[in-house]
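What follows is one structure encoded as structure tokens, with my remarks underneath.
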Amino acid sequence: MNTTPLPDPDSPTAWMADGLCRMYPPATFFPSDGVGVDKARKICAGCPVKETCLEHALDHRIEHGVWGGCSERERRRILKRRRLEAAAN
Ligand code: SF4
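Position one of the sequence shown corresponds to residue 802 (the numbering used here), numbered consecutively onward.
Encoded structure:
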């Protein structure tokens, strides 16, 4: 059971209360290998706040862990693609 306190419902991170990761140990989302990343991704796939979580990680340039079903490497790729798209417009 996760004993992490619930975020303040009025805070910008109130969505975290609905994240499926609350039911798992935090280390599940900070894997050390690809197998661990896949395990975290599978949990994120069914999470109702997946998109919000990913955008939060991208906006805050969070470098570590799986957020919104994306690894650090995947988030770096998304940010790079967005930079290139913004530069092209
Ligand atoms: S998408 Fe994954 S990391 Fe984000 S809140 Fe949901 S379960 Fe947690």
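We treat Cβ as the ideally placed atom computed from N, Cα and C, and that holds for glycine. Computed from a predicted model, the values in this text were never measured in an experiment.
Just checking residue i against the ligand SF4 - is the residue's beta carbon closer than 7 Å to any of the ligand's heavy atoms?
i: K851; result: yes
i: F830; result: yes
i: G837; result: no
i: I879; result: no
i: I844; result: yes
Any idea which residues DSSP pairs residue i with across the strands?
i: W868; result: C871
Looking only at C-alpha atoms, which of the options sits nearest to residue i?
i: C822; options: V836, C854, D811, D809; result: C854
i: M824; options: E886, R882, L807, R884; result: L807
Can you give the Cα-Cα distance for residue i and residue j, rounded to whole angstroms?
i: C845; j: G870; result: 5 Å
i: G847; j: R883; result: 25 Å
i: K881; j: D809; result: 32 Å
i: P832; j: D860; result: 21 Å
i: M817; j: D834; result: 24 Å
From the DSSP output, in three-state form, read off residue i for me.
i: T814; result: coil
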